[in-house]
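Engineer: Sharing a structure below in structure tokens format, with a few things to ask.
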Amino acid sequence: MELAEVISYWRRLGEEKWKTAEALMEKERYADALFFVHLSLEAVMKEAAVRHTGKEAPYIHDLPRLAYLAGLELLEEQKNQLEAVTTFNVRGRYDDYKLSLYKKATREYTREHLKKANDLRLWIQSQKQ
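For the sequence shown, position 110 (counting from the first letter as 1) is numbered 110 according to the UniProt record's numbering, and the numbering increases by one without interruption.
Next comes the structure, spelled out in structure tokens:
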């Protein structure tokens, strides 16, 4: 695939996963919505990393690490948000962690994280390296 196609792929995937997160929020599937927030931000970060490095996206899920590879200069609050969202990936995948996420993922908690993640997602997309 050409570099432009790879970048386009990650952008489309990020949008698709974001729409899924919103749909899950509407259906009150809060833990699942948070998992898809992670998938969306991961795709957006991988798009930024590919754009920045000109190389294939790395096979990692660690959002702060992806931000570093993408050359993004984050505020401390943004770093903290990425660290929090990265935990949704682990807690959304493994049964022994899911219960703690289900307990934590109230409507308000999920709404707050969707808002912050959307702001971050849009900011990352605006950073054209």
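From the three backbone atoms N, C-alpha and C, an ideal C-beta is built for every residue, glycine too.
Assuming Val6 and Arg121 make a contact with CB atoms under 8 angstroms, what is their CB distance in whole Å?
Structural biologist: Mapped onto the sequence shown, residue 6 falls at position 6. Mapped onto the sequence shown, residue 121 falls at position 121. Not confirmed; about 19 angstroms, so no contact.
Engineer: Quick one: what's got a C-beta closer than 7 angstroms to Ala21's C-beta in the same chain, skipping five residues either side?
Structural biologist: Along the sequence shown, read from residue 1 onward, the residue named residue 21 stands at position 21. Cβ neighbours of Ala21 beyond the five flanking positions: Ala33, Phe36, Val37, Ser40 and Leu114.
Engineer: Can you check the stretch 50–122 for any alpha helix (DSSP H) of at least 4 residues that lies completely inside it and give the ranges in chain order?
Structural biologist: 63–69, 76–93 and 95–104, all fully within the stretch 50–122.
Engineer: Give me the Cα-Cα distance between residue 182 and Asp119, rounded to the nearest whole angstrom.
Structural biologist: The shown model of the chain, from 1 to 129, leaves out residue 182, and the question about it has no answer.
Engineer: If you run the structure through DSSP and keep just helix, strand and coil, what is Gln125?
Structural biologist: Within the sequence shown, residue 125 is the residue found at index 125, counting from 1. If DSSP states are grouped into helix, strand and coil, Gln125 belongs with the helices.
Engineer: Using three-state DSSP, classify Met1 as helix, strand or coil.
Structural biologist: Against the sequence shown, residue 1 aligns to sequence position 1. It is coil, neither helix nor strand.
Engineer: Tell me whether the beta-carbon of Pro58 lies closer than 9 angstroms to the beta-carbon of Leu82.
Structural biologist: As a working mapping, residue 58 is identified with position 58 in the sequence shown. As a working mapping, residue 82 is identified with position 82 in the sequence shown. Taking 9 angstroms as the Cβ cut-off, Pro58 and Leu82 do not qualify as a contacting pair.
Engineer: Are Glu42 and Gln125 touching if we call contact CB-CB under 9 angstroms?
Structural biologist: Here residue 42 is taken as the residue at index 42 of the sequence shown, counted from 1. Here residue 125 is taken as the residue at index 125 of the sequence shown, counted from 1. No; because the gap between Cβ atoms is not below 9 angstroms, this pair is not in contact.
Engineer: DSSP three-state label for Arg12, please.
Structural biologist: The residue labelled residue 12 in the question sits at position 12 within the sequence shown. Helix at Arg12.
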